[in-house]
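Scroll down for the structure; my scribbles are underneath it.
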Amino acid sequence: MTTTAPATLNPSVIGQAEKHHTAILARALAGTTLDEKQWIVLNQALTAGAPVDSAAHVARVAAMTQWDPADVESALTALLESSLLQTNSDDLIAPTEDGAALAGKVRAESGAIVSAAYNAVAPDDLATTARVLATITARMAEELARA
12 MTTTAPATLN
22 PSVIGQAEKH
32 HTAILARALA
42 GTTLDEKQWI
52 VLNQALTAGA
62 PVDSAAHVAR
72 VAAMTQWDPA
82 DVESALTALL
92 ESSLLQTNSD
102 DLIAPTEDGA
112 ALAGKVRAES
122 GAIVSAAYNA
132 VAPDDLATTA
142 RVLATITARM
152 AEELARA
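Here you go:
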């Protein structure tokens with residue numbers, strides 16, 4: 012099947028790409044205990060590279076995703092209860108070995124598919140797209156902050 016590239020970037024194209032990313036992630040999460048919110052909370056804790064303050068982590072993930080902070084807090088609580096995240100002696104949260112292993116499995120499964128798709132695009136085009144999407148996102152974030 013041949014697909015024709017759209018004439019221009021628009022909300023439909025962005026939405027379709029996001030829905031396909033979500034579907035790939037859902038496939039990788041199937042059979043785990045994680046939902047999308049839990050995955051993002053866990054993944055962001057891993058990418059922090061060091062233990063993080065739970066309130067700051069919830070605020071950062073909520074801002075990044077535009078999710079209600081209470082929903083992010085619920086995902087964090089579920090991860091703590093399932094021992095994929097833990098609280099250390101300084102009251103900071105960090106992934107457990109099980110959390111890191113599960114994240115590695117999900118990343119490997121989804122990453123192979125996502126990498127193949129992104130590798131089909133020239134690096135310069137990916138860089139331009141990243142700048143464009145960052146600008147669009149920043150402008151929308153400014154508007155949402157006014158509400």
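One point on numbering: in the working numbering, the residue at position 140 of the sequence shown is 151, and numbering is uninterrupted. Beta carbons: idealized from backbone N, C-alpha and C, even for Gly.
Residue i versus the options, residue with shortest Cα-Cα distance
| i | options | result |
| --- | --- | --- |
| residue 155 | 76, 19, 40 | 76 |
| residue 99 | 127, 61, 70 | 61 |
| residue 87 | 51, 142, 134 | 51 |
| residue 120 | 23, 38, 18 | 38 |
| residue 28 | 117, 129, 65 | 129 |
| residue 58 | 118, 145, 144 | 118 |
Spatial neighbours of residue i in its chain, beta-carbon cut-off 7 Å, leaving aside the 5 residues before and after
| i | result |
| --- | --- |
| residue 63 | 56, 103, 104 |
| residue 134 | none |
Nearest-angstrom Cα separation, counted from residue j out to residue i
| i | j | result |
| --- | --- | --- |
| residue 46 | residue 91 | 14 Å |
| residue 138 | residue 149 | 16 Å |
| residue 106 | residue 72 | 15 Å |
| residue 131 | residue 101 | 45 Å |
| residue 11 | residue 74 | This structure leaves residue 11 out entirely; the chain is present only between 12 and 158. |
| residue 124 | residue 35 | 8 Å |
| residue 21 | residue 147 | 11 Å |
| residue 23 | residue 136 | 19 Å |
| residue 108 | residue 30 | 30 Å |
| residue 40 | residue 95 | 14 Å |
| residue 83 | residue 67 | 11 Å |
| residue 142 | residue 78 | 23 Å |
| residue 70 | residue 81 | 10 Å |
| residue 18 | residue 65 | 44 Å |
| residue 26 | residue 122 | 20 Å |
| residue 157 | residue 127 | 39 Å |
Own chain, CB closer than 6 Å to residue i, minus 5 neighbours either side, in chain order
| i | result |
| --- | --- |
| residue 89 | 49 |
Residue span of the alpha helix (DSSP H) that contains residue i, given as start and end
| i | result |
| --- | --- |
| residue 105 | Residue 105 -> not in any alpha helix (DSSP H); beta strand (DSSP E) instead, spanning 103-106. |
| residue 155 | 134-157 |
| residue 44 | Looking at the DSSP string, residue 44 is not in any alpha helix (DSSP H), and its letter there is neither H nor E. |
| residue 33 | 22-40 |
Range covered by the beta strand (DSSP E) that runs through residue i
| i | result |
| --- | --- |
| residue 77 | Here residue 77 belongs to no beta strand (DSSP E), and DSSP marks it neither H nor E. |
Cutoff 8 Å; reference residue i; Cβ partners in own chain excluding five residues on either side
| i | result |
| --- | --- |
| residue 33 | 47 |
| residue 93 | 44 |
Segment contact flag, the segment 111-120 with the segment 27-46, C-beta cutoff 8 Å, min 3 pairs: yes
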